[in-house]
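Asks: Please read through the structure below; I'll follow up with questions.
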Amino acid sequence: MRVWLNKQRSLLDFSLSSLSRRRGKTLGMLAVYTAIVFVLASVMLFSHAIRREAATVLAKSPEVLVQRMVAGRHDLIPARHLEAIKGIRGVQSAEGRLWGYLFDPAAAANYTLMVPTNPRIEPGKVVIGDGVVRVRSADPGDLMSFRAHDGSLVQFKVDHAISRESALVSADLFLVAEEDFRRLFGIPAGMFTDLAVSVRNPREVGKIAEKIDAALPDTRIILRDEILRTYESVFDWREGMLLVLLAGSILAFAIFSWEKASGLSAEERREIGILKAVGWETSDVIRLKMLEGLVVSLSAFLVGYLLAYAHVFHLGAGLFEPVLKGWAVLYPKYRLTPFVDELQVATLFFFTVFPYTVATVVPIWRAAIVDPDQVMR
Amino acid sequence: MIHLTDVRKAFNQGKSNEFWALKGIDLTVRAGKVTVFRGPSGSGKTTLLTLVGCLARPTSGRVRLRDRDISGLPERFLTDIRRSTFGFVFQQFNLLKGISAVENVMIPAYPLGRDPKELSERAHALMDSLDIGPKAQSNAEWLSGGEAQRVAIARALINDPEVVIADEPTANLDSERSRQFLGIVETLKQAGKTVLMTSHDPMVCDTAVVDHVVCLRDGQLVESR
């Protein structure tokens, strides 16, 4: 065991010294490899974290949403539907929601208007998201006016802004009182945008949705899981698009690194011959070169991954943000919760470290099986 | 110690450029003696040295080390014998550039898994005994021809081999350095080592330390004394 350890230590020492001898080539490879890992890991970390963020946010949303459909389009739903839903066994609670979108010509941005039930907002006041604060430079006490559905002016006094920590979901929020909402859009009392239903037993969601559908045939039922799946698809699609866009440069990097890793210089061939002539076995030479490849690719993997982590979770993923987050006037400013998925790390590790090590070993093996007497010629 | 019986070696066998470097060599190399293979360029000296040193296998014939026939052994076994029995000093010295002289000396011992501290001490002791101790940390490419050769000799001795093989050891040295080299050969002989050299340098062949000169021409043994 001691002999084996000494041997591995000597080989590792020698491989480090070999790498430092070819400093230019080694640093070049390291830089290229780090860049590939950085790009791939950034995309993976960002899209994974944002999907997780969406899932966390949705975890607090109602399990079932009921919307009324008229001629295939979403319409206002009457309050009497609430009673029908509450009568279904297994339904814990049901309440009407009021929400919609308001275009603000002054900021050329769309706000999401909502009427919160807890805490309630006083009539004439508004609570705004971080994005609205930015585009309107609004401070508490400021007045904001909007034209209602009938042309009259509706004025709001800014009560306070929502904390930036929840900006991912609250950047464009504009929270108003129920009376103001109805006045602004001309929605009569007893009508809601949709109904939010909570279910006692999560495993019964599907069954209850079926019952609601049967009781209220003019409605459509949206399950929380379906929304989650939609989010997943959107971010999968964006991640895929970005990777396709980056594929060209990644491929160019890959070809470059393959070329550098697999090409043996005359000097390296000579060295392999010397090592064999002085008593190294073919397997020793391959082990040495594998160690060299591992040192380069592992270092690149670690540095690239750490840089990607810092880029995504500390610097806001500035390089890929526009593509991965989508487009909006009111970009939320937020910091993603760091999350590292082991399987993702393993996948990235396999697709970066493994090919490089193989690319290094194949030509070495071909050179190392040559007779050692070549150094004498 | 080493016995060769009707040894032949062909290069590019079966091709249009087939060439027979050795054409039936019978030879005995005695233990503890200094033997020189002499002959003009292309006579087969170096090829003979590679067969004796287990760097290559003969096309036909037998090579026996003591009583063991090593001519047909697979590469892995030959490597093992080469590592434990032979130390090589190449004509171009073949030191690895970019690393220190002492690291070059230790290279043959790395696959044996020896204790790093002991190995380093032995390498420095060998370099001191060859008067190149102060050059231990110098990179190989900064050494003069004589210094590089002594580093190569230290490297050949690191695994304490029974046989030291040197290919044209004085070809790149001036007369003074050549005399110093022959002095080292004398020391090795006194230490009980068997020394095998190729050379066409009269200074080497005619020196008193040499016990046995084997003359080769066109792949055949023409004279032995």
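Each protein sequence line maps, in turn, to chains P and S. Oh and the first sequence: position 159 is 152 in the numbering used here, straight run, nothing missing. Oh and the second sequence: position 148 is 396 in the numbering used here, straight run, nothing missing. Ideal Cβ positions, reconstructed from N, Cα and C, are used throughout, including at glycine.
Is there a Cβ from chain P that is less than 8 Å from the Cβ of R331(S)?
Replies: yes
Asks: Let me know if H153(P) comes out buried or exposed under the rule of 16 or more other beta-carbons within 10 Å of its beta-carbon.
Replies: exposed
Asks: So I267(P) contacts chain A; which residues on that side make the cut at Cβ distance below 7 Å?
Replies: Looking at the structure shown, chain A is missing, and the protein chains on hand are P and S.
Asks: If we ignore side chains and look at the alpha-carbon of each, how far apart do P71(P) and V84(P) end up?
Replies: 18 Å
Asks: At 4 residues or longer, what runs of the alpha helix (DSSP H) sit wholly inside the region -3 to 79 of chain P?
Replies: 16 to 52 and 73 to 79
Asks: May I ask which residues mark the beginning and end of the beta strand (DSSP E) holding Q340(S)?
Replies: Premise fails: Q340(S) is in no beta strand (DSSP E) and is neither H nor E.
Asks: Identify whether T418(S) lies in helix, strand or coil by the three-state DSSP scheme.
Replies: Of the three classes helix, strand and coil, the one that applies to T418(S) here is coil, per DSSP.
Asks: In three-state terms, what does DSSP make of E115(P)?
Replies: coil
Asks: My guess is that N387(S) and G335(S) are in contact by the Cβ rule of under 8 Å, so how many angstroms apart are they, rounded?
Replies: Not quite, the Cβ-Cβ distance comes to about 22 Å (not below 8 Å), so this is no contact.
Asks: Please confirm whether V36(P) and L235(P) have their CB atoms less than 8 Å apart.
Replies: Result yes, Cβ atoms of V36(P) and L235(P) sit closer than 8 Å.
Asks: Is the Cβ of K18(P) closer than 8 Å to any Cβ of chain S?
Replies: no
Asks: Would you tell me roughly how many angstroms separate the C-alpha atoms of E416(S) and S392(S), rounded to the nearest one?
Replies: 17 Å
Asks: E88(P) to R129(P), Cα distance in whole Å?
Replies: Straight across, the Cα-Cα distance linking E88(P) with R129(P) is about 32 Å.
Asks: Can you tell me the Cβ-Cβ gap for T350(P) and S292(P), rounded? I've got them flagged as a contact below 8 Å.
Replies: Contact flag wrong, Cβ pair sits at about 13 Å.
Asks: Any residues in the region 302 to 327 of chain S with a beta carbon nearer than 8 Å to a beta carbon of chain P? Which ones, in chain order?
Replies: L303, A304, E323, R324 and T327
Asks: Taking DSSP as the reference, what is the three-state secondary structure of Q337(P)?
Replies: helix
Asks: For D376(S), count neighbouring Cβ atoms within 10 angstroms of its own Cβ and tell me buried if that reaches 16, exposed if not.
Replies: Residue environment for D376(S): exposed (fewer than 16 other C-beta atoms within 10 angstroms of its C-beta).
Asks: Enumerate in chain order the residues of its own chain whose CB-to-CB distance from D211(P) is below 8 Å, with the five nearest sequence positions on each side excluded.
Replies: R61, M62 and V63
Asks: Can you give the Cα-Cα distance for R310(S) and T295(S), rounded to whole angstroms?
Replies: 15 Å
Asks: Can you tell me where the alpha helix (DSSP H) holding C453(S) begins and where it ends?
Replies: Element bounds for C453(S): P450 to C453.
Asks: How many Å lie between I401(S) and L436(S) at the Cα?
Replies: When rounded, the distance between both Cα atoms is 10 Å.
Asks: Using the DSSP secondary-structure output, state which residues sit across from W358(P) in a beta bridge.
Replies: Paired residues: none, contrary to the question.
Asks: Cα-Cα, which of D135(P), R176(P), G311(P) and G134(P) is closest to S145(P)?
Replies: R176(P)
Asks: Below 8 Å, how does it come out for the region 436 to 450 of chain S and the region 350 to 369 of chain S: are there three or more Cβ pairs, yes or no?
Replies: Verdict: no, contact absent.
Asks: Rounded to whole angstroms, what's the CA-CA distance from W230(P) to D132(P)? Just pull it up for me.
Replies: Across the structure, W230(P) and D132(P) are spaced so that their CA atoms are roughly 38 Å apart.
Asks: Report all residues from its chain with a CB closer than 6 Å to the CB of T186(P); omit the five preceding and five following residues, and keep chain order.
Replies: Closer than 6 Å at the Cβ level, and outside the excluded window around T186(P), lie R90, L91 and W92.
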